[in-house]
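Student: This is the structure I have questions about; it appears just below.
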Amino acid sequence: ELLLESLSLHEQIYGILHPEVARVYNSLSMLYYQLDDKEAAVELARKAIVVAERTVGIDSAETLLNYLNLSLFLHQVGDSRGALAYSKHALVLWKIIYGPGHPDSITTINNAAVMLQHLKQYHESRLWFEESLRVCESVFGKQSINSATLLFQLAQALALDHDSKGAVNRMRESYNIFLSELGPDDKNTKEAESWLEQLTQNAVSIAKHAKDVESRRIRSGIRFPATVPPEQQPG
C-alpha cells in the first residue's frame with residue numbers, strides 16, 4: 219500500500235514520463251513477484267521498460283535491468299518464448315553497454331539456455347550453455363567452482379541433445395573440479411558423482427545398443443546366393 223501511494227505521489231510530482239517513476243514501477247514489479255502476484259509483476263515491469271526507454275534511453279543500464287526482470291517474470295508465468303525474446307534483446311544491449319564477455323552476462327546467457335531447454339529446443343540450448351561456460355572460464359578460470367557448476371548444467375544439456383559421450387566428459391570435469399575445490403563430502407561433489415555414474419551407465423547402454431543394431435544390420439545385409447540346379451547336358 220505504501221509503495222502504491224509512493225507511485226501515485228511520484229506520478230503527481232514528476233509526471234508519468236520520468237526516471238523516478240520507472241524506478242518505482244521496477245521496485246513494485248519486484249515486490250509483486252516476491253508476493254507471488256506474477257501477472258501484476260509482468261504488467262509493472264512492462265511499464266518500467268516503456269518509461270525507462272523514453273527517459274534514460276534504450277541503451278541505459280536501468281533499461282537493461284528492466285528487460286531482464288521482465289524476461290524472468292514472463293518465464294515464471296509460462297511465456298518462455300516471450301521471455302527468451304527479451305533475454306536476447308537484453309544481451310544485444312549488454313554488448314553495446316558493457317562489451318562482450320562481461321561477467322554479469324553469464325547468468326543471462328545461462329537463463330536463456332534454461333528457457334530454450336524448457337521449450338525443448340535442446341540443441342540450441344546446448345549452444346547457449348556452451349557460450350555461458352566459455353565466458354565463465356574466461357572470467358573466473360577453468361578450475362573455478364562457477365565453471366564446475368556450468369559444466370554440470372552443460373553435461374545435462376548434452377544428455378538431452380543425445381550426446382552421451384560429451385555428457386559424461388563434461389560431468390567428469392565438473393566432478394573433478396568440485397572434488398578438488400570442495401572435497402568429497404560436499405553436496406555438489408556428491409551430486410556430480412551421482413550424475414556421472416548415471417550418465418556413464420546410460421552411455422554404456424547406448425553404445426551397446428548401437429553395437430547390437432549394427433551387428434543385426436550386418437547380418438541381415440548378407441544375402442547368400444540361391445542354389446541353382448546345374449544345366450542338364452544333352453545325352
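Mapping of the sequence shown onto this note's numbering: position 74 corresponds to residue 292, and the numbering continues sequentially without gaps. Quick reminder that beta carbons are idealized off the backbone N, C-alpha and C, glycines included.
1) On a CA-only basis, which of His380, His307, Ser362 is nearest Ser392? Give me that one, please.
2) Identify every run of the alpha helix (DSSP H) within the region 317-344, keeping only runs that are complete inside it and at least 4 residues long; order them along the chain.
3) Between the beta-carbon of Ala330 and the beta-carbon of Lys383, is there less than 8 Å?
4) Mind checking Pro443: buried by the 16 CB within 10 Å criterion, or exposed?
5) Which residues mark the beginning and the end of the alpha helix (DSSP H) in which Val260 is found?
6) Buried or exposed: Gln451, going by 16 or more other Cβ atoms within 10 Å of its Cβ?
7) Would you mind sorting Arg299 into buried or exposed? The rule is 16 or more other CB atoms within 10 Å of its CB.
8) Compare the beta carbon distance of Thr326 and Trp346 with 8 Å and say whether it is the shorter of the two.
9) Under three-state DSSP, which class holds Pro237?
10) Return the Cβ separation of Ser245 and Asn287 in integer angstroms, given the expectation that the two are a contact with Cβ distance under 8 Å.
11) Taking DSSP as the reference, what is the three-state secondary structure of Pro447?
12) Assess contact between the region 289-296 and the region 247-261, defined as three or more Cβ pairs (one per stretch) separated by less than 8 Å. Is contact present?
13) Which residue from Val386, Arg390, Ala366, Glu411 puts its Cα closest to that of Leu417?
14) For Gln371, is the classification buried or exposed, using 16 other Cβ atoms within 10 angstroms of its Cβ as the cut-off for buried?
15) Is it right to say Asp403 is buried, meaning 16 or more other beta carbons lie within 10 angstroms of its own, or is it exposed?
16) In angstroms, rounded to a whole number, what distance separates the CA positions of Arg390 and Ser365?
17) Tell me whether Phe291 counts as near the ligand PLP, meaning its Cβ is closer than 7 Å to at least one heavy atom of that ligand.
18) Is it right to say Gly453 is buried, meaning 16 or more other beta carbons lie within 10 angstroms of its own, or is it exposed?
19) Do Asn284 and Ala270 have their C-beta atoms within less than 8 Å of each other?
20) Taking Cβ positions, are Tyr243 and Ala266 nearer each other than 8 Å?
21) On the CB-based measure, 16 or more other CB atoms within 10 Å of its CB, does Ser289 come out buried or exposed?
22) Helix or strand or just coil, what does DSSP make of Leu246?
23) Enumerate in chain order the residues of its own chain whose CB-to-CB distance from Glu349 is below 6 Å, with the five nearest sequence positions on each side excluded.
24) What residue from Thr281, Ala308, Asp255 has the CA that sits closest to Glu238's CA?
25) So, at 8 Å on beta carbons, what are the nonlocal neighbours of His341 in its own chain, with the 5 sequence-adjacent residues on each side left out?
Tutor: According to the structure data:
1) Ser362
2) 323-336
3) no
4) Residue placement at Pro443 is poorly supported in this model, since its pLDDT is 49, which falls under 50; the coordinates are not used for a value here.
5) 256-273
6) Below a pLDDT of 50, predicted positions are generally treated as unreliable, and Gln451, at 46, falls in that range; the measurement from the model is reported next regardless. Under this definition Gln451 is an exposed residue.
7) exposed
8) no
9) helix
10) With 8 Å as the limit, Ser245 and Asn287 do not qualify as a contact, their Cβ atoms being about 10 Å apart.
11) Unreliable positioning characterises Pro447 in this predicted model, as indicated by a pLDDT of 48, which lies under 50. A coordinate reading is not provided.
12) yes
13) Val386
14) buried
15) exposed
16) 13 Å
17) With respect to the ligand PLP, the structure offers nothing, as it holds no ligand at all.
18) Because the pLDDT of Gly453 is 42, which lies under 50, any placement of that residue in the model is unreliable, and the number read from its coordinates should be weighed accordingly. Exposed, because fewer than 16 other Cβ atoms sit within 10 Å of the Cβ of Gly453.
19) yes
20) yes
21) buried
22) helix
23) Ile327
24) Thr281
25) Asp379
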